[in-house]
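What follows is one structure encoded as structure tokens, with my remarks underneath.
Residue numbers (my numbering): 1 to 368.
In structure tokens:
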């Protein structure tokens, strides 16, 4: 049986449905979708000139993934996200629109309702579902009996039978979405030479932080933990970033990681690239920083330094951002800062738990 929450309004589906007012829906739609200027926005070449999503400010923000809080069940509600599906029909002529996908029973057609402003039709249709964190799902809209991809969301996935579906993922998702395992292992080694946790003090802190947690803390705070090692979830963060907000940089990663794999195999043909020695990675790292990497194919990717700068930006962002984005597992990077910086009285100068929601933090008002 699905978990019951106070805001659930429809119980005939296998997934809880929430009642969201039109203001919430329209606030998001008017910010990102309502636009009379027909010109295409700069999207780093992600969309072709014929793709209407090129006119949208930030198409990746749909469906809307939001935090959920039920004051009667605060601990249970932390494990869920509000996911709001939005469909837009400028002619407001469709008779019925529903969403179906792997987040519910696949045969269930969950209806979207019209969002109205001043009791007039806006052309927007929406429904909000409660979906567990840590998951990725495929879905389609059923518009007047016809299955359609989400015309807004740029995320798409090809399933086993070759069909293309739209995709979304919730907070704390650890399923690899766009990177291959070999690519993730290679990024993990590169990340080790960027983060501070490779030092003896950093490694000692990691061991202490995870090994001394009680069972309940591990179950509540680390239910979606991903590879509790020096990368502190950064590789997972990068995978999610390239799947959504920075999908336009995925090709950079694919090309450069392929080149790095080839170069490392040339320099040591007797071991897998991700198992190469620390000295070999340090040498490669220094060469990339200088922009002059021996055997780098500049006709395929002009500047290895640019890729290294992007990787460093993604690494530090992932390590110190909110854990819901896939990195900074359990707030470990914040705990590292809290231990490292303290006052003369021994009090931490970075009391991050005081500002964060339960169970990760202690703030009763913050909602994540």
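The beta-carbon is built from N, C-alpha and C at its ideal position, and this holds for glycine as well. Computed from a prediction, not measured in an experiment: that's the story for all the values here.
With DSSP collapsed to three states, give me the class of residue 29.
If DSSP states are grouped into helix, strand and coil, residue 29 belongs with the helices.
Taking DSSP as the reference, what is the three-state secondary structure of residue 296?
DSSP places residue 296 outside both helix and strand once states are collapsed to three, so it counts as coil.
Report the three-state DSSP secondary structure of residue 116 (helix, strand or coil).
Under the three-state reduction of DSSP output, residue 116 falls in the strand class.
Nearest CA to the CA of residue 289: which residue from 281, 304, 276?
It is 304.
Sequence-distant residues of its chain with Cβ nearer than 8 angstroms to residue 140 (five each side left out):
99, 100, 101, 147, 148, 149, 150, 165, 166.
On the CB-based measure, 16 or more other CB atoms within 10 Å of its CB, does residue 284 come out buried or exposed?
Result: buried.
Here's the rule: buried if 16 or more other CB atoms are within 10 angstroms of the residue's CB, otherwise exposed. What is residue 122?
Residue environment for residue 122: buried (at least 16 other C-beta atoms within 10 angstroms of its C-beta).
Just list the beta strand (DSSP E) runs in the stretch 99–184, keeping only unbroken ones of 3 residues or longer that don't cross its boundaries, in chain order.
List check, beta strand (DSSP E) in window: 113–117, 120–132, 136–143, 146–148, 156–158, 164–169.
Relative to the alpha-carbon of residue 313, which residue among 64, 235, 287 has its alpha-carbon at the smallest distance?
In terms of Cα proximity to residue 313, the closest of 64, 235, 287 is 235.
Go ahead and label residue 298 buried or exposed: buried means 16 or more other beta carbons lie within 10 angstroms of its beta carbon, across all protein chains shown.
Exposed is the call here.
Could you tell me whether the Cβ atoms of residue 133 and residue 177 are closer together than 8 angstroms?
Going by C-beta atoms, residue 133 is not nearer than 8 angstroms to residue 177.
Beta-bridge pairing of residue 14 - partner residues as DSSP gives them
Bridge partners of residue 14: none, in fact.
Which residues does DSSP list as the beta-bridge partners of residue 87?
According to DSSP, which records beta bridges pairwise, residue 87 is partnered with 125.
Residue closest to residue 370, alpha-carbon to alpha-carbon, out of 175, 83, 77
This structure gives no information on residue 370, because the portion of the chain shown stretches from 1 to 368.
If we call anything under 8 angstroms between Cβ atoms a contact, is residue 13 one with residue 131?
No, the Cβ-Cβ distance between residue 13 and residue 131 is not below 8 angstroms.
Using a Cβ-Cβ cut-off of 6 angstroms (strictly less than) and excluding sequence neighbours within five positions of residue 57, which residues of its own chain qualify?
These residues qualify, in order along the chain: 32.
For residue 56, name the three-state secondary structure that DSSP assigns.
It is coil, neither helix nor strand.
Pair within 8 angstroms by beta-carbon distance, residue 60 and residue 244:
Yes, these two residues count as a Cβ contact at 8 angstroms.
Are the Cβ atoms of residue 239 and residue 310 separated by less than 8 angstroms?
Pairing residue 239 with residue 310 gives a Cβ-Cβ distance that is not under 8 angstroms.
Check the C-beta distance from residue 124 over to residue 26 and give it rounded, since I have them as a contact under 8 angstroms.
Contact flag correct, Cβ pair sits at about 7 angstroms.
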